[in-house]
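Read through the structure below, which is laid out as structure tokens, and then see the notes.
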Amino acid sequence: MNHMLKYSLACLLLVLALASCRKEPSYPDEPQISFKRVEQYDFDDQGLQIDSIFLVVGFQDGDGNLGLSNDTTSSDTKPPFNTGSPYENNFIIRLLKWQENPNNPGQFEFREFEFPVAGFDLSGRFPRISQDDREEPLEGEIRFGMQFTNEIEEYFAPGDVIKFEVFIYDRDTPVPNKSNVIVSEPITLFEQ
25 MNHMLKYSLA CLLLVLALAS CRKEPSYPDE PQISFKRVEQ YDFDDQGLQI DSIFLVVGFQ
85 DGDGNLGLSN DTTSSDTKPP FNTGSPYENN FIIRLLKWQE NPNNPGQFEF REFEFPVAGF
145 DLSGRFPRIS QDDREEPLEG EIRFGMQFTN EIEEYFAPGD VIKFEVFIYD RDTPVPNKSN
205 VIVSEPITLF EQ
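Add 24 to the 1-based position in the sequence shown for this note's numbering, that's all there is to it.
Dropping the structure here:
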């Protein structure tokens, strides 16, 4: 019994020592992202076709300052993250649509989609990943959602193929760090 207790204590100390040797990952302070997947959910709402699309993006960040709060008392709503600033949104999306090249009729390619309303785009904010301001490496996934409808068929119709270019910003001030740019896989709209 005495030997068992002696060896059990030695094994426990060895396990604790090995567990405490785990080294924190080392990532750059500029966020790095990767395309993971697209989640697409089609449904019909009284004749209106709706596509809910979620882009899932993997991230790594060395100092853990990802995400912006929408709380008006937070520094995340003050410059450089204030309304109208180029850094107001931290999840930046450029929509590409498979369409004919106007300079070369008959040739199709992914071209940036021009929204009919000036200044409108799909970009937005994702919330803070870590709730404190401690510098620590972070790794995980961001799931960002949007909806498309076939309400105005001249813009989005069943069978249209789109994809997205995405990058993110962190909370560094006075100028946030920009991640690399990724491109999603093509998505066919309103497939049921």
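C-beta atoms are modelled at their ideal positions from N, C-alpha and C, and glycine is treated no differently.
If the criterion is Cβ atoms closer than 8 Å, does the pair Gln171 and Ser76 meet it?
yes
Does the Cβ of Tyr193 have 16 or more other Cβ atoms within 10 Å, making it buried, or fewer, making it exposed?
buried
Which whole-angstrom value is the C-beta distance of Ile206 and Val62, which I expect to be below 8 Å?
In fact, because the Cβ distance is near 12 Å, the residues do not count as touching under 8 Å.
I want to know whether the region 122-134 touches the region 146-163 - three or more CB-CB distances under 8 Å.
no
Would the region 77-97 count as touching the region 131-150 if we require 3 or more Cβ pairs under 8 Å?
yes
Buried or exposed: which applies to Tyr65, given that a residue is buried once 16 or more other Cβ atoms fall within 10 Å of its Cβ?
exposed
When the distance is taken between beta carbons, is Phe134 closer than 8 Å to Lys187?
yes
Residue nearest to Phe83 in terms of C-alpha spacing, selected from Phe214, Pro210, Phe59, Val141
Phe59
Check whether chain D comes within 8 Å of Phe134, counting only Cβ atoms and requiring the distance to be less than that.
Looking at the structure shown, chain D is missing, and only one protein chain is on hand.
Thinking C-beta only, is Leu120 closer than 8 Å to Glu189?
yes
Using only the alpha-carbon positions, how far apart do Phe105 and Phe78 sit?
24 Å
In chain order, what residues of the same chain lie with their CB nearer than 6 Å to the CB of Gly169, ignoring the 5 residues before and after it?
Phe78
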